[in-house]
Amino acid sequence: MSNIKLGVEVISAHGLFNADKQNSCSPFVELKFDNQIFRTTTKPNDPNPVWHESFYFAVSDPSFLSTRTLEAHVYSYQDGTDAKPFLGKVRVNGTSFVPRSEAAPFNYPLEKRSAFSRARGELGLRVFITEDPSITPSLPTPVPESPRSYIPSPRQEPVKSIITAAANMVAADKPKARTLYNVTPSVNQQQQPTTTMNYGMQEMRAAAPMPPRVVQYNGPGPGPSSDFTVKETSPFLGGGRIIGGRIVRGTQRPVGTYDLVEEMRFLFVRVVKARDLPDRDLTGSLDPYVEVKIGNFKGVTRHLDKNSDPEWNQVFAFAKENLQSNVLEIVVKDKDLVLDDYVGTVRFDLHEVRSRVPPDSPLAPEWYRLENKRGEKKKAEIMLAVWEGTQADEAFGDAVFSDSLTSSDSSDIISANLRSKVYHSPRLWYLRVRIIEAQDVIIVSDKSRLPEAFVRIQIGNQMLKTKVSQRSFHPRWDQEFMFVVAEPFEEHLVLSVEDHSAANRDEPVGKAVIPLSAIERRTDDRAFHSRWFHLEDSISDAMDEDKGKRVKFATRLHVAAVLEGGYHVFDESTYYSSDLRPTARPLWKQAIGVLELGILNANGLHPVKNRDGKGTSDTYVVAKYGHKWVRSRTVINSLNPKYNEQYTWEVFDPATVLTICVFDNGHFAAGGNNRDQTIGKVRIRLSTLQTGRIYTNAYPLLVLTPSGLKKRGELHLAVRITPESVIYSFGTLLLDVLSGKHIPPSHALDLIRDRNLQTLTDSCLDGQFSESDGTELVRLASRCLQYEARERPNTKSLVTALTPLQKDTEVPSHVLMGLPHSGSVSPLSPLGEACSRKDLTAMLEILDKLGYKDDEGVTNELSFQMWTDQMQESLNSKKKGDVAFRQKDFREAIEYYTQFIDGGMVSPTVCARRSLCYLMSDMPKEALDDAIQAQVISPVWHVASYLQSASLSFLGMENESQMALKEGSNLEAKRNSPSQLK
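Sequential numbering from 1 applies to the sequence shown in full-length UniProt numbering.
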């Protein structure tokens, strides 16, 4: 029989409703758990009672403890009546039960029982799990009829016999017995023999203080063994200790955005370059490399051939907990065939190394003179940066770590296989191909024979065939096929018409090649266009577009192809899918929250390989959600590795699954086997998680073998979902306005912390508000950006705080836009004239001459996106789009401009140019959308209004077109006014 018991300490309540005629109440609390009911004493005429009474519930089945719920109902006693006015209730889920040593008092808000009941105030409880065998059941004492007692009613007598029978079963040591415990301070009372138990809701006294004991609860699992269960933990993380899914912050300062992992201190060493190194070889050359040594750990850079001014730019990180020396040595050596030559050394005392934590500025590297073996400093110098930091440091992702190196390691294993990485899966599209017909299918070897033709469709490794047509020179198939293709559409669709001349013989007739980038895309069910293609003898000829134009007679193939963006392409199991969005980005809905994952550590991993006569593993963790994959760094030679890495994803659908897998890195295995082995996998369904709560659990790593289910260790994770909210979004907007640039929300709190107003606010806002008002705005932004919803202000308090800061109560729209308040229209410029008469050719020439000068001050907002890998790719797409725009290849220009915009870049000129391309392609609705987007980016840009006027005119909305033309004319006149030109 299990000794696990649920302990509940009822501490106090405050702010209760007045339930009697004396405008007071006499509250007591009923605790209900697992078909057991306890009741506290009654506090007469006390709306703020204090009890400090403890109760212990028997747990019938510990494996289902996480699915149980503790209920605490607060009633008011009324003398002379059986009525119990309801004052409120509290429900505590079993997933928040923690061991006694980790439990802390918590004030729960009282909830209503129904829509028509009343509830107010809070109830203080301390809930915990204990396995202390010294807590034994005692005989409840009879209670008199008074405000401090409660006598069971006669209708409870049938139940009494059941509970008495259960008590007898306890004496027989039979499982699943229900027992009501009453703990008193007296040891003598605890040693009294147990007699027949009277059933009822008895008065309980406060429990004596018990010695603390950590109890690890094992929740329900896939099998009867407790080794296969998910275990809830309460670790100390960067933001504080996790208790009941909440962060209990201590006195130490939190790490900031990395609050779901333990803070790990590292000694970072960045080796940048060296200069004026002396020659060491007989040939008068030098092959330098650098050793970074501290204790038994050593990091080695790559060596550079024949270079006296080498540049490495490599970062090494040594865990502070593993440091075995107080001296750091950086040794420069010359690579040689037999024995490497010594060049020079730089030494650092670790007590003098500076500490840095973002958002502090990165530490600039400095030049240091190298010392020879006699301690003399010569001309040779090396550029280094040495500092102490955490995993929040920018250099963390590029560093080679001490737990990934041993004393025997060399530069051969310093590669990308060790470092943490973030991958993005390419978007998958459905390619719909309809083979309609062919004309003039002539067999060269026998022109008189009617062919039995079919078409072979191939893209990459995917290949399908149409049916064989009846004998005809003009066969018709009208068949449709579906393929899956991936961005960036570098492959080609190859169509091969062949003649089925014999049972096992097919003769090629001709080929056509279609680049995927040239295929039309659609996001709805509108009809897509078909095209005729000339067939060529070879693929190289088919890819030559000019040759098809020169040929006067050739076999032709009628094909319709389209890329379907309105569907989602499943690249994983449908039951464990992590993404359900359609392929086309314009169809994506707004994110509903942010998923944060802290990969803490692993314990008791199964050894995969043998090294130095013992079993070991070189493990890393991979997590996938949506299009984003993350990979932790590899920890060498450890069956209990610590990772402490934190990652985030945007959540678009709660009915999705996060997948985490642990692998053994095969690149360090003996025998040259580079295949990574799977150790175990964990899946977490997001719909089972409560928003705002932190889940810290140890998940078993299970694998199914022919002999049964095996456990290969445990993976310790921290998971949290933060919902999107209006208050949170307002905080990001307020901070963007103050700083003058877009700051990602994940970095916002770090930038606010320890920054004064002058260093944070935009210089354009100087003199716009006082220092006290600016400080108040920063404080409000900080409160709005808190991770937990309960720490953010509500709408009413936010409006109350902002009202004193408002200078003008009402500002007309024409004042905000800086427009004259009159009905007159300024004379139209050449661009305005061209838009008014819908002269697209003139609009194209004028827009091309304008260039990108109107983007000044807009693209500067991308300063926080410069770190992304897609920056250069997006700029290249814009350049290719400009070339196509000048060459009047509007379809290709739309494609490249779309890639630029989809990459997260902001440019009103690009939107305007794509709008004109849509007009040239007879797509006025899409042109209007881009013109509106250009005005959103740059509200006072007259070109956006002119393009809206032209688009509206093509849509037949003449009145709206004239209004937009008038607005554009006024904006241009204001821009060219003398006051604006000064």
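Note that CB positions come from ideal geometry on N, CA and C, so glycine has one too.
Check, Outcome
"On the premise that Glu-491 lies in contact with Ile-459, defined as a C-beta separation below 8 Å, what is that separation, rounded to the nearest angstrom?", "6 Å"
"Run through DSSP, which three-state label would Phe-570 get?", "coil"
"What's the C-alpha gap between Trp-367 and Asp-259?", "35 Å"
"Between the alpha carbons of His-52 and Arg-120, how many angstroms are there, rounded?", "21 Å"
"Kindly indicate which residue of Ser-12, Ser-60, Pro-47 and Gly-389 has the alpha-carbon position closest to the one of Ile-4.", "Ser-60"
"Among the residues of its own chain, which have a CB less than 7 Å from the CB of Ser-687, if the five just before and after it don't count?", "Pro-654 and Ala-655"
"Spatial neighbours of Gly-604 within its chain, please: CB distance less than 8 Å, with the 5 preceding and 5 following residues excluded, ordered by chain position.", "Leu-639, Asn-640, Gly-713 and Glu-714"
"Any chance the region 788 to 803 sits against the region 909 to 919, with 3 or more Cβ pairs inside 8 Å?", "no"
"Can you give me the C-alpha to C-alpha distance between Val-883 and Ala-893, rounded to a whole angstrom?", "8 Å"
"Are there 16 or more other CB atoms within 10 angstroms of the CB of Ser-117, so buried, or fewer, so exposed?", "exposed"
"Since Leu-780 is in the alpha helix (DSSP H), which residue starts that stretch and which ends it?", "771 to 784"
"Taking Cys-661 and Lys-642 to be in contact with their CB atoms under 8 Å, please state how far apart those CB atoms are, rounded to whole angstroms.", "Contact flag wrong, Cβ pair sits at about 18 Å."
"Would you mind stating whether Lys-89 and Leu-110 have Cβ atoms separated by less than 9 Å?", "yes"
"Got a sec, what are the start and stop residues for the beta strand (DSSP E) Cys-25 sits in?", "Run containing Cys-25: none; DSSP gives neither H nor E here."
"With DSSP as the reference, label His-52 as helix, strand or coil.", "strand"
"Please state whether DSSP places Pro-830 in a helix, a strand or coil.", "helix"
"Alpha carbons only, please: which of Tyr-289, Lys-511, Pro-47 and Lys-614 is nearest the one belonging to Trp-312?", "Tyr-289"
"Would you kindly work out how many angstroms separate the C-alpha atoms of Gly-598 and Thr-95, rounded to a whole number?", "19 Å"
"Let's test the definition: count the other Cβ atoms within 10 Å of the Cβ of Val-726 and tell me whether it reaches 16, buried, or not, exposed.", "exposed"
"Going along the chain, which residues of its own chain have a beta-carbon closer than 7 Å to the beta-carbon of Glu-157, five neighbours each way excluded?", "Low confidence applies to Glu-157: its pLDDT is 41, below 50, so where it sits in the model is not reliable enough to give any reading."
"When the Cα atoms are used, what is the spatial distance from Phe-481 to Thr-648?", "38 Å"
"Got a sec, what are the start and stop residues for the alpha helix (DSSP H) Arg-113 sits in?", "Per DSSP, Arg-113 belongs to no alpha helix (DSSP H) and is neither H nor E."
"Comparing alpha-carbon positions, which option in His-14, Ser-496 and Leu-847 lies nearest Leu-557?", "Ser-496"
"If I follow the unbroken alpha helix (DSSP H) through Asp-929, where does it start and stop?", "924 to 937"
"What is the DSSP secondary structure of Pro-515, counted as helix, strand or coil?", "strand"
"Do Val-292 and Phe-266 come within 9 Å of each other at the CB atom, strictly closer than that value?", "no"
"Taking all protein chains shown into account, do 16 or more other C-beta atoms lie within 10 angstroms of the C-beta of residue 1008, making it buried, or fewer, making it exposed?", "Outside the displayed range of the chain (1 to 982) lies residue 1008, so it cannot be described from this structure."
"Which same chain residues end up closer than 6 Å to Phe-668 when comparing Cβ atoms and leaving out the 5 residues on each side of it in sequence?", "Asp-618"
"Would you mind reading off the limits of the beta strand (DSSP E) that contains Asp-341?", "341 to 349"
"Are the CB atoms of Val-346 and Ile-382 nearer to each other than 9 Å?", "yes"
"Just to confirm the assignment, what range does the beta strand (DSSP E) spanning Ser-76 have?", "69 to 76"
"In terms of alpha-carbon separation, which member of Asn-637, Ile-242 and Glu-536 lies closest to Asp-612?", "Asn-637"
"Along the chain, where does the alpha helix (DSSP H) that runs through residue 983 open and close?", "With the chain running from 1 to 982 in the structure shown, residue 983 is simply not present."
"Around the Cβ of Gln-948, are there at least 16 other Cβ atoms within 10 angstroms (buried) or fewer (exposed)?", "buried"
"Judging by CA-CA distance, which residue of Gly-299, Asn-18 and Lys-373 is the nearest neighbour of Ser-402?", "Gly-299"
"In angstroms with no decimal places, state the Cα-to-Cα distance between Ser-836 and Lys-628.", "47 Å"
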